[in-house]
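Just so we're on the same page, this note's numbering is the position in the sequence shown counted from 1, plus 13.
The beta-carbon is built from N, C-alpha and C at its ideal position, and this holds for glycine as well.
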Amino acid sequence: MIYCDIEVSNSCNLECSYCFLEKTNQKSLNIQDLNKRIALISNRLRYLKQYEATIEFSGGEPLLEIESIKYIVEKFDKSNINVKYSMVTNGTLLSKEVFRYLMEKKFLLGISIDGGEETQNKNRTFRNTSEGSFQLIKHNIDNIIDSYPEDFQNQCIAHMVISKNNYKEFFKSFVQIINIGFKKISSSLDVTYNWDDKQLDILEVELRKCAQYYFNLCNKDKSYYWDFLEKGIQAIINPKQHYFCGGGIIQFTIKADGRILSCGMCQSLEKAVIGDVDAGIIEYKVKPYGNYKRKFNSTCVKCDLKEYCHVPDCVFLNEEITGEECGVPNFFCEMYKINNRISNKIIDKWRKLNEVN
Numbered sequence: 014m015i016y017c018d019i020e021v022s023n024s025c026n027l028e029c030s031y032c033f034l035e036k037t038n039q040k041s042l043n044i045q046d047l048n049k050r051i052a053l054i055s056n057r058l059r060y061l062k063q064y065e066a067t068i069e070f071s072g073g074e075p076l077l078e079i080e081s082i083k084y085i086v087e088k089f090d091k092s093n094i095n096v097k098y099s100m101v102t103n104g105t106l107l108s109k110e111v112f113r114y115l116m117e118k119k120f121l122l123g124i125s126i127d128g129g130e131e132t133q134n135k136n137r138t139f140r141n142t143s144e145g146s147f148q149l150i151k152h153n154i155d156n157i158i159d160s161y162p163e164d165f166q167n168q169c170i171a172h173m174v175i176s177k178n179n180y181k182e183f184f185k186s187f188v189q190i191i192n193i194g195f196k197k198i199s200s201s202l203d204v205t206y207n208w209d210d211k212q213l214d215i216l217e218v219e220l221r222k223c224a225q226y227y228f229n230l231c232n233k234d235k236s237y238y239w240d241f242l243e244k245g246i247q248a249i250i251n252p253k254q255h256y257f258c259g260g261g262i263i264q265f266t267i268k269a270d271g272r273i274l275s276c277g278m279c280q281s282l283e284k285a286v287i288g289d290v291d292a293g294i295i296e297y298k299v300k301p302y303g304n305y306k307r308k309f310n311s312t313c314v315k316c317d318l319k320e321y322c323h324v325p326d327c328v329f330l331n332e333e334i335t336g337e338e339c340g341v342p343n344f345f346c347e348m349y350k351i352n353n354r355i356s357n358k359i360i361d362k363w364r365k366l367n368e369v370n
């Protein structure tokens, strides 16, 4: 299995407050560009002697290029490769017709939404008008839930960004997202902002409230899912030798300009550029990660949580932010400690509940 993120366009109709993507040199892909990406994925699978791939379509806003997405899907449908598809969209172009197509192709669909109207409109405004995006996205989601309620619950996940605009009331936003109709939530910290300990203390209080609320929900309905807590619990219950994603080896991003990155979050780290659609992946650049072994800095090596922590293994983004090969941003470290404390608390609650039952 390989995991490939295809940036079908770096254009977007929104101007999000925390967006880290380049705003200039916007590019859409022509048929030749699309064929190069199809060939690159196919060649990579042959090289690794694999026959399965997960392809995520990203942007910019990927639904600005729905015809390009359909073209790639059609080509792989006619191949002997087993492909699963996913996408994260801002939801503004998510009509019932588009949603029906995505569900026919069994897409896992992420919808970027940060909370209710006030929070969403602080973070995510239209590029040309600066108007808030909440009402249009809510309208589209309501239409989809009315027409395809099971597909929405099973295949859609809310992508929430914790930003400087909403961290103080994140619990409120979390509940609002569930009330909109989402049963699956992915939450991530805005990594473009340099969080301090005081802000993270406030956020921890909010996340603890979310965890208790989620715990209560799951006691009534097991179909709810929150990645922050579920991944934290799994790391404690089933720790791994490492948490490296396989960047450059089995996971990579193809940018709209043709570059291939080992980590799609990296925008300036030269080490993360591992080839392009014409030359393919340059093997000597990814070879060091083929037999990945964890490296700890002087702080991490003394940490009692290193067995469970994924942060040291996020090697490319860590180096981009800190400028050091084994560097770890302080707010990454503190955020994992928060996750671990909350996850352990919920594990204790589950165990006590099971003892009673």
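Among the bridge pairs identified by DSSP, ALA66 is matched with ILE15 and VAL96. Shown here, SER146 sits in coil according to DSSP, grouped into three states, outside any helix or strand.
According to the DSSP assignment, GLY288 belongs to the beta strand (DSSP E) that extends over 286-289. The beta carbon of GLY271 is closer than 8 Å to those of ASP46, LYS49, ASP289, VAL290 and ASP291 in its chain, skipping five residues each way along the sequence.
Uninterrupted beta strand (DSSP E) stretches at least 3 residues long and entirely within the region 138-222 occur at 169-175 and 197-202, given in chain order. Taking LYS196 as reference, the option from GLU182, ASN167 and LEU106 with the minimal CA-CA separation is ASN167. Collapsing the DSSP output to three states places THR266 in a strand.
Between TYR31 and ASP203, the C-beta gap is smaller than 9 Å, which places the two residues in contact. Counting only the Cα atoms, ALA52 lies some 46 Å from LYS185. With respect to ASN136, ASN192 sits apart: the two C-beta atoms are not nearer than 9 Å. Taking 9 Å as the cut-off, the beta carbon of ASN134 is found closer than this to the beta carbon of SER146. Between ASN310 and GLY340, the gap from beta carbon to beta carbon is short of 9 Å. Beyond the five residues adjoining it in sequence on each side, THR132 comes within less than 6 Å, by CB distance, of ASN179 and SER186 in the same chain, given in chain order. For GLY245, the enclosing alpha helix (DSSP H) stretches over residues 240-250. Residue nearest to THR205 within the set TYR297, CYS279, ASN56 and SER55 is CYS279 (criterion: CA-CA distance).
In the displayed model, GLU338 falls within coil according to three-state DSSP, outside both helix and strand.
Secondary structure at ILE294: strand, using DSSP grouped into helix, strand and coil. With a 10 Å radius around the Cβ and a threshold of 16 neighbouring Cβ atoms, TRP363 comes out exposed. Residue range 343-369 is occupied by the alpha helix (DSSP H) that includes ARG364.
In this structure, DSSP gives CYS316 a state outside helix and strand, which the three-state scheme calls coil.
Residue state for VAL101 is assigned as strand, using DSSP reduced to three classes. Pairing SER125 with THR102, the inter-Cα distance amounts to about 6 Å. When the five nearest sequence neighbours on each side are left out, the beta carbons in the same chain lying within less than 7 Å of the beta carbon of ILE262 are those of VAL299, TYR302 and GLY303, in order along the chain.
Between the region 87-105 and the region 63-75, the count of Cβ pairs shorter than 8 Å is three or higher; the stretches touch. When the five nearest sequence neighbours on each side are left out, the beta carbons in the same chain lying within less than 7 Å of the beta carbon of ARG57 are those of ILE15 and ILE294, in order along the chain.
In the structure shown, GLU74 falls within a coil segment according to DSSP collapsed to helix, strand and coil.
Under the three-state reduction of DSSP output, SER24 falls in the coil class, being neither helix nor strand. Under the three-state reduction of DSSP output, ARG113 falls in the helix class.
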